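Using the UniProt record's numbering, the first residue of the sequence shown is number 1, and each one after it goes up by one. Okay, structure first, notes after.
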Amino acid sequence: MSEKHLKAGDPLPPYSGKLRLFAMRFCPYAERSILVLNAKKVEYDLVHIDLDNKPEWIFSFNPKGTVPIFEYEEGKAIFDSAIINAYLDEKYPEPPLQSSDPLQRAQDKIVAELLSSAHSAYYTAAFNAQALTPESTPTYHRGLEVLQKEIEARGTKFLAGDKPGLVDYTIWPYLERFLALPLLGKPEFAITEEKYAALLTYIEAMKNDPPVKVYCLAPETHAKYIESRVKGTPDTNMLDTSDVCCFRPRKKKA
Ligand SMILES: N[C@@H](CCC(=O)N[C@@H](CS)C(=O)NCC(=O)O)C(=O)O
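Now the structure itself:
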């Protein structure tokens, strides 16, 4: 599969008969749906979209023009990671990714919601550092502290139990990106061993989960992408040529 992102003027690739996910390689929301599709072992085609120069046909699938978009039947799609993932979990029940207990499901959503403030602080630090305020770092760490407490309180390898569930796949794309901040000259955002031992154990376990392992990118790769975007020349296609994009070494192209 090419990592190349389709742009305005590029035709919609012909429908292969498989389900199709429209994404952008560095989008954390699209990653959530990719992880769920991988966990369900659903076969799908992945189409990358250049969000800075969108192909016209994207709006026929999603009037908002955002990714992820899931084409469940030729020409018919749903969008928004939370909506797609809830749909996937019902449509493909094995393995179930959510608790059958409504209260547990609510608590899982609260964990994700609390971490989203940390993500806002991350986003500012990464892409708009001049807008950082004295509150940004404490907000970020409050989110991480709550998450670590939750991991400890649950006492399981993953938030969902001995295997990751929807809650884990929802928050993982944020954590994967948080690890890039110290590489961008932001050591105050580091997830250190002294403070976050339990969280780091969790992060390590997530990195080794097969649905995550095949898609996640190294902090260096995220940092490189962020730098390119901050410079005004987002290099979304960089993985087409890079040999060191993943946690595991990539094969050199012939
Ligand atoms: N709430 C949405 C957010 C999706 C979203 O904002 N995606 C970004 C890429 S990471 C996007 O498509 N941006 C293009 C735009 O806003 O025009 C979801 O969870 O799917």
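Note that the Cβ used here is the ideal one computed from N, Cα and C, for glycine as well. As the structure is a computational prediction, the values presented were derived from the model and not from experiment.
In angstroms with no decimal places, state the Cα-to-Cα distance between Leu115 and Leu166. C-alpha separation (whole angstroms): 14 Å.
Going by C-alpha to C-alpha distance, which of Ala125, Pro210 and Asp168 sits closest to Leu179? If you compare the alpha carbons of Ala125, Pro210 and Asp168 with that of Leu179, the shortest gap goes to Ala125.
Taking the alpha helix (DSSP H) that Arg105 falls in, what are its first and last residues? Arg105 -> alpha helix (DSSP H) spans Pro102 to Phe127.
Which whole-angstrom value describes the C-beta separation of Ser16 and Asp45, a residue pair presumed to lie in contact below a C-beta threshold of 8 Å? Distance from Ser16 to Asp45 at the Cβ level is roughly 6 Å; contact confirmed, criterion being Cβ atoms closer than 8 Å.
Using a Cβ-Cβ cut-off of 7 Å (strictly less than) and excluding sequence neighbours within five positions of Ala223, which residues of its own chain qualify? Ala180, Leu183 and Leu184, listed in sequence order.
Is DSSP giving Arg248 helix, strand or coil here? Confidence at Arg248 is low in this model, with a pLDDT of 40, below 50, so the placement of that residue should be treated as unreliable; the coordinate-derived value is given next. Under the three-state reduction of DSSP, Arg248 is assigned to coil, being neither helix nor strand.
Quick check on the burial criterion: 16 or more other C-beta atoms within 10 angstroms. Buried or exposed for Ile110? Ile110 should be labelled exposed.
For Ile191, the three-state DSSP class (helix, strand or coil): The answer is coil: DSSP assigns Ile191 none of H, G, I, E or B.
Using a 10 Å radius around the Cβ and a threshold of 16 neighbouring Cβ atoms, would you call Asn85 buried or exposed? Here Asn85 is buried. Its C-beta has 16 or more other C-beta atoms within 10 Å.
Along the chain, where does the beta strand (DSSP E) containing Glu73 start, and where does it finish? If you look at Glu73, you'll find it in the beta strand (DSSP E) that goes Ile69 to Glu73.
Verify whether the separation of the beta carbon atoms of Lys18 and Glu43 is less than 7 Å. Closer than 7 Å, so yes.
Here's a check: name, in chain order, each residue in its chain whose Cβ is nearer than 8 Å to the Cβ of Thr139, leaving out the five neighbours to either side. Within the same chain, Thr139 has close Cβ partners Ser117, Ala118, Ser120 and Ala121.
Determine the DSSP secondary structure at Arg25, reduced to helix, strand or coil. Looking at Arg25 - three-state DSSP - the assignment turns out to be coil, as it is neither helix nor strand.
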